[in-house]
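Residue numbers (our numbering): 415 to 682.
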């Protein structure tokens, strides 16, 4: 099987990002033919990301057909921390929205142009009057994976900008899953990786703009060693995506997957 993976939001240098992606996805599909795309893109600049998205898609279409294409929306930013009345300028708000929501919408739309069901196919019922299933295409399957957060479904004081964009993305992918439900071409997964020991976590721990209870919670997780290792969470998320064993559009948490893995280990 030939797979292609595009991951947004690299937090390391490009070579390291490519290496880690190859290891994570390659180990799970050791016999497959995997290609990882790594591009330097400014997701807060619509001109830049629109053009580079077209470049990647042209490369994909120029290659041999892929059985599965994975679009992983990992990029994201906290935005300004503090109460809603302390929000920054409209310019900063627009830039935050561009990076976290608009670019996600556009990349997804462009990948759907090439790998999604057509408008005509989407208007077909899920089953025909005689009870037979709807359309069963045998072309490339696109899996759109949204790296989500508990902040997408729960309100946290002084994290207004972050919660807002995460919630917007959550609803976007629920809508997408509903729209594409008549086809087997597109599957959608929102994965909440848990509280990990990242630069973003450190920023929140050290910020004086969070409410004390939230700061205390983050600091305690760090000192008690309960933050989730990034490699551990990434592995479980990738394995779930590859397995296709999930309800499309569902929000799945690291804790769910970790609990399942532990129960499986005990049963062996």
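C-beta: ideal position from N, C-alpha, C; glycine also.
Taking a contact as a CB-CB distance under 8 Å, the pair residue 600 and residue 526 counts as one, their CB atoms being some 7 Å apart.
Listed in chain order, the alpha helix (DSSP H) runs fully inside the segment 577-628 are 613-620, counting runs of at least 4 residues.
Residue environment: residue 634 is assigned as exposed (fewer than 16 neighbouring CB atoms within 10 Å of its CB, all protein chains considered). The C-alpha of residue 577 is placed about 8 Å away from the C-alpha of residue 567. Taking the CA atoms as reference points, residue 621 sits about 16 Å from residue 502.
Residue 617 holds the alpha-carbon nearest to the alpha-carbon of residue 632 among 646, 645, 617.
Counting only the Cα atoms, residue 479 lies some 44 Å from residue 570. DSSP, read as helix, strand or coil, puts residue 639 in coil.
The beta-carbon separation of residue 597 and residue 665, rounded to 21 Å, does not stay under the 8 Å limit for a contact. Proximity to residue 449 across 586, 507, 488, 417 peaks at 417, based on C-alpha coordinates. Here residue 558 is not near residue 625, since their CB atoms are 8 Å or more apart. With contacts defined by Cβ atoms closer than 8 Å, residue 483 and residue 554 form a contacting pair. Using a Cβ distance threshold of 8 Å, residue 652 and residue 668 do not count as a contacting pair. Counted as a single uninterrupted DSSP element, the stretch harbouring residue 467 is not any beta strand (DSSP E) but the alpha helix (DSSP H) occupying residues 460-476. DSSP links residue 421 through a beta bridge to 486.
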